[in-house]
Amino acid sequence: MPAFSFPKEALIGTAALGAVAVAGFLAGRRCSRLHFGTPKTSPFEKNGPLQQYVLNHSLREHPVLKKLRLMTSKYHNGFMMVSCDEAQLLANLAKLIRAKKAIEVGVFTGYNTLNMALVLPEDGRVVACDVNEEYASIGRPLWKEAGVEHKIDLRIKPAIETLDELLANDEAETFDFAFIDADKESYDDYYEKCLRLIRKGGIIAIDNVLWGGRVLKPASNDIAQKMHQLNEKIFHDPRVVVSMIGMWDGLTLAFKL
Numbered sequence: 001m002p003a004f005s006f007p008k009e010a011l012i013g014t015a016a017l018g019a020v021a022v023a024g025f026l027a028g029r030r031c032s033r034l035h036f037g038t039p040k041t042s043p044f045e046k047n048g049p050l051q052q053y054v055l056n057h058s059l060r061e062h063p064v065l066k067k068l069r070l071m072t073s074k075y076h077n078g079f080m081m082v083s084c085d086e087a088q089l090l091a092n093l094a095k096l097i098r099a100k101k102a103i104e105v106g107v108f109t110g111y112n113t114l115n116m117a118l119v120l121p122e123d124g125r126v127v128a129c130d131v132n133e134e135y136a137s138i139g140r141p142l143w144k145e146a147g148v149e150h151k152i153d154l155r156i157k158p159a160i161e162t163l164d165e166l167l168a169n170d171e172a173e174t175f176d177f178a179f180i181d182a183d184k185e186s187y188d189d190y191y192e193k194c195l196r197l198i199r200k201g202g203i204i205a206i207d208n209v210l211w212g213g214r215v216l217k218p219a220s221n222d223i224a225q226k227m228h229q230l231n232e233k234i235f236h237d238p239r240v241v242v243s244m245i246g247m248w249d250g251l252t253l254a255f256k257l
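With my numbering, letter number 67 in the sequence shown gets 67, and the count goes up by one each step, no holes.
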């Protein structure tokens, strides 16, 4: 294959990203004060009129998804949930590549689990990895209410174990989409295993890659240092094409070649 020839699926995903990523960057703010627990930077005034205008003219949130978001926001650590605009971007990308199988590393209350399940076909599957069943139980009734519970395979155990099980069961290169939003110390391991599980043309989305701006001075923070190292690694990784979006705490999209 020529040096700059990409698989058809990767070209489709990359081309589609252009339009979707711009919309995601412009949204650039959450629909409420929900964030991942680190300082966020944005040209938009926090909860200001321009931010609300963008959301009013772009966000199409399923009513049950909105219900779960509002429920989660009442918890003291509701900030851990992915933003509604970022979740919609992920769902749109999954639809564009016609995803059928997805992996979610980090479930929390299951907002993005529901978000992904809603856009997968009836025989689709989301393997949702987390270690906290208490939080996941908050979303379970709403997965059922939305009619997508049968698409969600929740596994309460360390995500590395679940990913290893999937690889051992000959599911390498059978998944279309992966979203990583869990303990930052293990991000590199999650990335490597997801890269083996994702098919060519599939997408790995990685949240919190800017770590509140601390990646600019990574030596000052252990997590920032690990995140910076991963960002450098993915940027130079010949196995993927990559876009890093300045959306809230940073979102990296890696398309497998």
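By construction, the Cβ of each residue, glycine as well, lies at the ideal position given by its N, Cα and C atoms.
- Message: Just to confirm, is the Cβ distance from residue 120 to residue 146 under 8 Å?
- Response: no
- Message: What would DSSP say about residue 183, mapped onto helix, strand or coil?
- Response: coil
- Close-in-space but distant-in-sequence residues of the same chain around residue 237 (CB under 6 Å, 5 per side omitted): none
- Item | Same chain, Cβ closer than 6 Å to residue 138, neighbours up to 5 away in sequence not counted | 109
- Query: In angstroms, rounded to a whole number, what distance separates the CA positions of residue 224 and residue 201?
  - Reply: 29 Å
- Query: Apart from the five residues on each side of it in sequence, which residues of its chain come closer than 8 Å, Cβ to Cβ, to residue 156?
  - Reply: 130, 131, 132, 133, 136
- Is it right to say residue 220 is buried, meaning 16 or more other beta carbons lie within 10 angstroms of its own, or is it exposed? exposed
- Message: So if DSSP puts residue 243 in a beta bridge, which residue, or which two residues, is it bridged to?
- Response: 253
- Message: Please confirm whether residue 50 has its beta-carbon closer than 8 Å to some beta-carbon of chain C.
- Response: Among the chains in the structure shown there is no chain C, since it carries only a single protein chain.
- Query: Using DSSP with H/G/I as helix, E/B as strand and the rest coil, what is residue 54?
  - Reply: helix
- Task: Please confirm if the segment 48-57 is in contact with the segment 159-179, defined as three or more CB-CB distances below 8 Å between the two stretches.
- Result: no
- Note down, in chain order, each residue of its chain lying with its Cβ closer than 8 Å to the Cβ of residue 199, except the 5 sequence neighbours on either side. 9, 173, 174, 175, 176, 256
- Is residue 101 helix, strand or coil by DSSP? strand
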